[in-house]
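Residue numbers for the sequence shown follow numbering that gives the first Met the number 0, beginning at 0 and rising by one.
Following: one structure in structure tokens, then a few remarks.
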Amino acid sequence: MNDPESLFFPETAARRPLLIAGPCSAETEEQLLTTARALAAAGVGIFRAGVWKPRTKPGGFEGVGARGLAWLARVKAQTGMRTATEVATASHVRAALRAGIDLLWIGARTSANPFAVQEIADALAGTDTPVLVKNPLSPDLELWIGAIERLRNAGLRRIAAVHRGFTTCEATLYRNAPQWSVPIELHRRMPELPLLCDPSHIGGQRELVAPLCQQAMDLGFDGLMIEAHCRPAEAWSDSAQQLTPEALDGVLRGLTIRDRNPENEHLAQLRAEIDRADDELLALLARRMEIARRIGRFKRLHAMPVLQPARYDELLARRASEAVRLRMDPAFIRTLLRAVHGESVRQQLEEDRP
Ligand code: PEP
Ligand code: MN
């Protein structure tokens, strides 16, 4: 992929990953400056903080608004870091540029709206502001590409994409399903476009940030945008997924950055596919157990025994013969089904307890 640091800021040395870190939201000047000083000490070059927060429902913390821009200017003056914030309207763009914000991003709720993206693109025309385009909430690659094209058509050249996962109705480990195949396809379609990963919004919990960072690096992403807060537990938004600057430093030190040769990328893509299959397998198993618990309740209501050997034998025989057709060893499928069935019976018995 590309070298976004020199693309965005040609005077800085190229390095991978390009790092952007900072709190989900600007809350107070003290919170911003405390977080920023620690991140600067950890070597982060670009500081992020949302001052306008698009919230799913009204009533949540919707950001401190334009006064947060002055705090970001102070972060820049005191630490030397570049600054970044989210924009969703032309007036956000104008206010951010007036305040000297270095880099803007378009959030997932905005990149899905062509009217809003066009308005932002028009407001940016004639500048060479670096802009990051987060993927839309839904895994709609054309919509993501469309947003990038609107900015390009307005004459902007310093553009990168940020993968932040997708809304899903399946129960998954993640807040937003990574569906790595979508950003991988974006890279195939636009190989010159720098691609960053936002593990914080994909994971939704801080424990998932490190493995997601590593996965993104293994897949050849150019950079990372990570949420960090001086006191994550007290954060006014996205508290569960933010890291302290010290924890972030640990995550970065723990990363293995491999050469981006095509073999590595191919292997990493295959591993990502395996991970996706495992996610689906787990979600399916969870669904099966839920059905088993419902059966348990039904049997209890109707005073039926939990274990019904005839049905179990039939199930095993039928699946074992199907296994051959699906290129699997019948003995393996029997072992697997016995384990699944054992857990089902255990859950039914638990459900059976009055
Ligand atoms: C954010 O970066 O804090 C944010 C709101 O992200 P997204 O648009 O990806 O949900
Ligand atoms: Mn956030």
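Even for Gly, the Cβ is constructed at its ideal location relative to N, Cα and C.
For residue i, collect the residues of the same chain with a Cβ closer than 6 Å to its Cβ; drop the 5 residues on either side in sequence, then sort them by chain order.
i, result
"D278", "T171"
"F220", "L194 and C196"
"E118", "A89"
"M288", "Q346"
Below 7 Å CB to CB, which residues in the same chain sit around residue i once its five sequence neighbours on both sides are set aside?
i, result
"V74", "L31, L32, A35, F46, M80 and T82"
"H91", "W51"
"A12", "Legend: pLDDT at A12 = 44, less than 50; position of this residue unreliable, value from coordinates given subsequently. Correct list: empty, nothing qualifies."
"E10", "The predicted position of E10 is uncertain, since its pLDDT is 48 and thus under 50; no value can be drawn from it."
"S238", "P231 and A232"
Should residue i go down as buried or exposed, given a rule of 16 or more other Cβ atoms within 10 Å for buried?
i, result
"K52", "buried"
"R97", "exposed"
"L335", "exposed"
"E226", "buried"
"V161", "buried"
"H228", "buried"
"P85", "Checking the sequence, you will find Glu at residue 85 rather than Pro. Buried: at least 16 other Cβ atoms inside 10 Å."
"Q77", "exposed"
"I19", "buried"
"G253", "exposed"
"A176", "buried"
Would DSSP call residue i helix, strand or coil?
i, result
"C212", "helix"
"G49", "strand"
"V250", "helix"
"A83", "strand"
"M327", "coil"
"D2", "Note on D2: pLDDT 48, under 50, position unreliable in the model; the coordinate value appears next. Coil, per DSSP."
"V181", "helix"
"H265", "helix"
"V92", "helix"
"T11", "Only weak support exists for where T11 lies, its pLDDT of 46 falling under 50; the value from the coordinates is given anyway. Here T11 sits in coil by DSSP."
"E61", "coil"
"M224", "strand"
"H162", "strand"
"A316", "helix"
"I19", "strand"
"L172", "coil"
Can you name, in chain order, every residue of its own chain whose Cβ lies under 8 Å from the Cβ of residue i, other than the five neighbours on each side?
i, result
"I144", "L185, R188 and M189"
"A282", "E169, A170 and T171"
"P329", "A319, S320, A322 and V323"
"V305", "G295, K298, V344, Q347, L348 and D351"
"N263", "D217, G219 and R257"
Less than 8 Å between the CB atoms is what I'm expecting for residue i and residue j, so what's the real figure, rounded?
i, j, result
"F60", "W179", "Contact doesn't hold; Cβ gap of about 31 Å is too wide."
"Q213", "T166", "The pair is not a contact, with the Cβ atoms about 24 Å apart (cut-off 8 Å)."
"K133", "I100", "Going by Cβ atoms, the distance from K133 to I100 rounds to 17 Å, so no, they are not a contact pair."
"A94", "A72", "About 12 Å; that fails the 8 Å criterion."
"I183", "Q268", "6 Å"
"A122", "V63", "With a Cβ gap of about 21 Å, A122 and V63 do not count as contacting."
"V116", "A146", "5 Å"
"G154", "G125", "7 Å"
Just jot down, in chain order, the residues whose CB lies closer than 5 Å to any heavy atom of ligand 2.
C23 and D237
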